[in-house]
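Data first, discussion second: the structure below is written as structure tokens.
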Amino acid sequence: MSDYHFNSIEAKWQKYWAENQIFKAENNSEKPKYYVLDMFPYPSGAGLHVGHPLGYIASDIYARYKRHQGFNVLHPQGYDSFGLPAEQYAIQTGQHPAKTTKENIKRYREQLDKIGFSFDWSREVRTSDSEYYKWTQWIFIQLFESWYCNIHEQAFPISELIEIFNEEGNIGLNAKCGNKQPEFSADMWNSFSEEKQQKILLNYRLTYLAETEVNWCPQLGTVLANDEIVNGVSERGGFPVVKKKMTQWSMRISVFAERLLNGLNHLDWSESLKETQRNWIGKSVGASVEFRVVNEKEEFKGIVIKTFTTRPDTIYGVTFLTLAPENELVDKITTIEQRVEVAKYITTTAKKSERERLADVKNITGVFTGAYAKHPLTKELIPIWIGDYVLAGYGTGAVMAVPCGDQRDYDFAKHFNIPIKNIFEGVDISEKAHTEKEGTIIANSDFISGYSYKDASNKVIEALEKNHRGEKEINYRLRDAVFSRQRYWGEPFPVYYKNGLPQMIAEEYLPIRLPEVEKYLPTETGEPPLGRAINWAWDTNTNKIVNSKLISKAELEGYEDNGIYPLELNTMPGWAGSSWYMFRYMDALNNNEFASKEAMDYWKNVDLYIGGSEHATGHLLYSRFWTKFLHDRGFLKVDEPFKKLINQGMILGESAFVNIIDLEFNNNENPLSLRLTYAISESDYKKIEQGEIEKVDLDIFKNHKEFKDFNFEMLDKSSVDKKNLRRKHVLVDYVDNSNILDLVGVRQWDPEFNLIEFVLNLDGNYIVSREVEKMSKSKYNVVNPDDICKQYGADTLRLYEMFLGPLEQAKPWSTAGITGVHSFLKKFWRLYHSPFEGGQGDVFNITENPASKESLKTLHKTIKKVQEDIENFSFNTSVSTFMIAVNELTSQKCTSKEVLEPLLILLSPYAPHIAEELWSKLGHSESISTAAFPKFEEKYLIESMKKYPISFNGKMRFTMELPLDLSKDEIESVVMSHKKTIHYLEGRTPKKVIVVPGKIVNIVG
RNA sequence: GCCUUGGUGGUGGAAUUGGUAGACACGCUGGAUUCAAAAUCCAGUGCUUCACGGCGUGCGGGUUCGAUUCCCGCCCAAGGUACCA
């Protein structure tokens, strides 16, 4: 007896693969390499749902396919195991995050193992493991010890910058830094105190400590990066975020902006993802333009307002300047008469939160400063205004307002009655600004009149540069990334503070391990959780972590410096560990380096990366940044981490709802008042919702004992109203494939259902409503892959997830459809246990008989299609192809090894367990994963006949089977003489007959 | 607003350079088998019409012998982004 017992087959092969380390990748191999990577998961307490493995299944199919193609495949997996949820849980329960993380990982691993992935687990990484974060700390130190040279567009060691300072000072230096540094000579540099030198260097380092305006989330008690904020609230938890000035570590990612932008051109990523990154980097090319502020006598006051514009061609249209309320020049230029009003305006805008200001876009507010500046070209006086439509954080926080060419400037000018000057030829600006660049001709603009946008811009920049009133400038939206988090469960910084200045701990003393704390909350004085650690000080004498009480009090009088200093209390953000993990997999057990040169030279970078698009502006940008940095410093040969990237679409859940109406019955005659809750059908629910019925079917209630003495005529109409309706989620486990609710189960699950009277249909069932939503625990629509594996098997799960639709598309999960692929696998099994050719049925039956022509054709058609599909990541269509193949081979009664053996290899990336099992039954002792992919041969597909579609005016009417070697004319004469042709022509003479040999015949007329 | 991706039966989705629209499944209908159910198998299933036929890939045009596919103009949905000067 040999049915398809998937549970035992799958357990058997999973054990075999693990015990024999079948998927262990070698760092030395004659074979070409291929690196397939999944975005590693955060091991949450909820475990995996069927949406999570989608990308893993796709990458696994590809990895297995590449092995069949003869590649040495690296396909690792690990865990992004630092993060907020474990810490929040720790705060609530007091459990150490390391403990819950470990438990969650164990559960994840069990779930992953059941799906039959070909991961090389010997290379597993965990970002929260100190042997891993040792190297995260090490990379941080390298960033601290580097600066960025603009001339070479490359990061260099800071020691080289110090040498330059020693010899030349910073005069003429073209380095990327924070605020523009005052110039100093070599002599001056050498005369500076050590402290002053360090402070100057901080402005050049690629990670630096600075007081910056950060996004502070009070509820989470931490700062957040821009990409961790969604619609003005925190991504995790949805809490409000406010701006706050704090001293924080930052990453100077902005210096890499241009390279991050250009690098995209060579990557095989989706256009939408590249576009998202381009928008996030936000390059604008334009010019800086300086306006000199003058006094009443029109004399230069020594104050320059620098503006940034992308439209230098509109410079003759400037009729005012606008400063952001936060601009520090505001105070310096405001006239005595305007001071009160300006102060009032600044106070009101400061009160508004970021969100309110954004929400209030339509309200135009502003105030005149009383001051004027001279136009750099016309020397006209330009009034200076303040307006909150100008943002302090972008460009210079000041704009040259050209109302005729910018809608915001236009609206502002209209609102405050500021003149609008038209500088465009033949354009009406009485209604709105003219913002179109292309095809616009400049007018009323002195030497640029008559020129196009492009030519005029270049001429203006030239003129400005000559007068030293401006220059060509490029601005990026991308800001430096805040790197400090006021949290416990993250990487500690390898940093201590001496006299308030940060010092790096030498590489040999890494890792700096996370200290124990008794609570995971901030301290009473508002310090981060690490402030609670008893031992959190660095002893520079012994190079060990010691008790915080020993910290040097040298700054106090009467104390000597004992060499013991406080350690950094912040930890690194979640993206620190995930920014370089793809390289760690190459040599995961290396204790001496983050990965050996040999390993990195061999594996280079990730050939195929699969993961969610939610990481477009976070992880995918940061890891590109770190890769470019490590490349510059000579630690990596490659300068992009991921060559090809695919975003798998989200699998949505099908939530189940009970439609509920809460009824209140009041009866004046009878002091009976009832509140009852009914679960009604979806159609009744919709009717009531749309006001189509005013009363629900009263018979339902009449049968109910509570209504024995009730006068239904008195039922208040208003009690059957939209407002009485609500929908309640039910756990999808209590709903079957026909949407019938398990009433007993659901009443046990949630006692509220005991108080609800269910209105049943004619079959005596309650049918739930379905709606597609994001799969989540709170929506009770989570489908667990373990349950699917248990009921149908991992091979079915794998096939079904692929069969659902195109990989990159979002699609709803419906367990109902899974029977289709499951019965395919059963048919597939039966094909190898057929009663044909002397088989017993139920007994393995493969013959050495030569295959029929049809069977060979089926096989080679399948090889061709499946190979193309895998290479195009069109996995859903190859599942269909397998189904067609099995249907055909079954009806052909095929038992030939010649056909059925290669078919196993084709299926094995998709359904590896069943393929291994049948492969071993064929007598192979090696795993099927070592077998070569079957070779497609065209000769089996060559046909001599073609079923031609015969169409009339483009409409197909009938088909005709004709030999393929017929000429155009022969086809035409055969078709024209066919009796059906004569019938469809109804006596008309065709104007034209189109014959495309091998394709189609179309008769026109 | 801007950018990106989409829009095909009751449902998920096929259709590689313009050439038989709806492959493959799910669901549904009918039948076989079964004491019965499950499982399995067979037939049918875009809409409309008794039928001949007509209509059909978001909408309106265009190119073409022929358009889901190419071009122009709209509509809708999802995702990204936004007083970014």
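In my numbering, the protein residues as written are 156 to 1160. Even glycine gets a Cβ: it sits at the ideal position worked out from N, Cα and C.
Distance CB(residue i)-CB(residue j) smaller than 8 angstroms
{"i": "Pro-677", "j": "Leu-203", "result": "no"}
{"i": "Ala-553", "j": "Asp-564", "result": "no"}
{"i": "Pro-531", "j": "Gly-625", "result": "yes"}
{"i": "Val-937", "j": "Met-930", "result": "yes"}
{"i": "Ile-806", "j": "Gly-206", "result": "yes"}
{"i": "Arg-953", "j": "Ile-270", "result": "yes"}
{"i": "Met-741", "j": "Met-727", "result": "no"}
{"i": "Phe-475", "j": "Ile-460", "result": "no"}
{"i": "Val-901", "j": "Val-885", "result": "yes"}
{"i": "Val-637", "j": "Val-396", "result": "no"}
{"i": "Asn-920", "j": "Ile-943", "result": "no"}
{"i": "Trp-435", "j": "Leu-776", "result": "yes"}
{"i": "Lys-932", "j": "Ala-201", "result": "yes"}
{"i": "Gly-729", "j": "Gly-238", "result": "yes"}
{"i": "Tyr-303", "j": "Lys-331", "result": "yes"}
{"i": "Lys-798", "j": "Val-761", "result": "yes"}
{"i": "Thr-1002", "j": "Thr-1050", "result": "yes"}
Residue span of the alpha helix (DSSP H) that contains residue i, given as start and end
{"i": "His-223", "result": "208–223"}
{"i": "Asn-1031", "result": "1030–1046"}
{"i": "Ile-1126", "result": "1123–1131"}
{"i": "Ala-253", "result": "252–268"}
{"i": "Met-343", "result": "341–346"}
{"i": "Leu-1014", "result": "1008–1026"}
{"i": "Phe-299", "result": "285–299"}
{"i": "Met-755", "result": "752–758"}
{"i": "Phe-738", "result": "736–739"}
{"i": "Glu-413", "result": "412–418"}
Buried or exposed by the 16-neighbour rule on C-beta atoms within 10 Å, applied to residue i
{"i": "Lys-872", "result": "In this prediction, Lys-872 has a pLDDT of 48, which is less than 50 and means its spatial position is unreliable; what the coordinates show is noted afterwards. Exposed: under 16 other Cβ atoms inside 10 Å."}
{"i": "Gly-732", "result": "buried"}
{"i": "Leu-722", "result": "buried"}
{"i": "Lys-699", "result": "exposed"}
{"i": "Gln-336", "result": "exposed"}
{"i": "Pro-1064", "result": "buried"}
{"i": "Glu-610", "result": "In the sequence under discussion, the amino acid at residue 610 is Asp, which differs from the Glu named in the question. Asp-610 comes out exposed."}
{"i": "Glu-1081", "result": "exposed"}
{"i": "Ser-1161", "result": "Missing from the structure shown is residue 1161; the chain here goes from 156 to 1160 and no further."}
{"i": "Lys-1020", "result": "buried"}
{"i": "Pro-1005", "result": "exposed"}
Rounded distance between the beta-carbons of residue j and residue i, thought under 8 angstroms
{"i": "Ala-166", "j": "Val-191", "result": "No, Ala-166 and Val-191 are not in contact; Cβ-Cβ is about 25 angstroms, not under 8 angstroms."}
{"i": "Lys-878", "j": "Ile-815", "result": "Actually they are not in contact, since the Cβ atoms of Lys-878 and Ile-815 sit about 12 angstroms apart, beyond 8 angstroms."}
{"i": "Asp-950", "j": "Ala-1087", "result": "That belief does not hold up - the Cβ atoms of Asp-950 and Ala-1087 are roughly 22 angstroms apart, past 8 angstroms."}
{"i": "Leu-361", "j": "Ala-310", "result": "6 angstroms"}
{"i": "Lys-1012", "j": "Tyr-1095", "result": "5 angstroms"}
{"i": "Glu-837", "j": "Ser-969", "result": "Wrong, their Cβ atoms sit about 17 angstroms apart, outside the cutoff."}
{"i": "Met-1111", "j": "Val-1130", "result": "About 13 angstroms; that fails the 8 angstroms criterion."}
{"i": "Ile-541", "j": "Leu-484", "result": "Contact doesn't hold; Cβ gap of about 10 angstroms is too wide."}
Residue interval of the beta strand (DSSP E) (run including residue i)
{"i": "Phe-983", "result": "Phe-983 -> not in any beta strand (DSSP E); alpha helix (DSSP H) instead, spanning 973–986."}
{"i": "Tyr-309", "result": "The residue you asked about is not Tyr; residue 309 is Gln in the sequence shown. Looking at the DSSP string, the run of the beta strand (DSSP E) that includes Gln-309 is 309–312."}
{"i": "Phe-913", "result": "911–913"}
{"i": "Asn-1157", "result": "1155–1159"}
{"i": "Met-555", "result": "553–556"}
{"i": "Lys-398", "result": "397–406"}
{"i": "Lys-186", "result": "Premise fails: Lys-186 is in no beta strand (DSSP E) and is neither H nor E."}
Distance cut-off 7 angstroms: residue i Cβ against heavy atoms of the ligand MG
{"i": "Ile-1060", "result": "Summarising the ligand content, the structure contains no ligands, and the ligand MG is consequently not present."}
With a floor of 3 residues, list each beta strand (DSSP E) that falls wholly inside the region 453–509, ordered by position along the chain. 455–464, 475–478
Segments of 4+ residues assigned as alpha helix (DSSP H) that fall wholly inside the region 917–976: 940–946, 949–958
Entirely within the region 675–709 and at least 3 residues each: give me those beta strand (DSSP E) ranges in chain order. Considered as a whole, the region 675–709 harbours 692–694, 699–701 as its complete beta strand (DSSP E) runs of no fewer than 3 residues, in chain order.
Completely contained alpha helix (DSSP H) runs for the region 1054–1127, where each covers 4 or more residues: 1067–1076
Could I get the ranges of all uninterrupted alpha helix (DSSP H) runs contained in the region 589–644, with 4 residues as the minimum, in chain order? Here the runs fully enclosed are 608–622.
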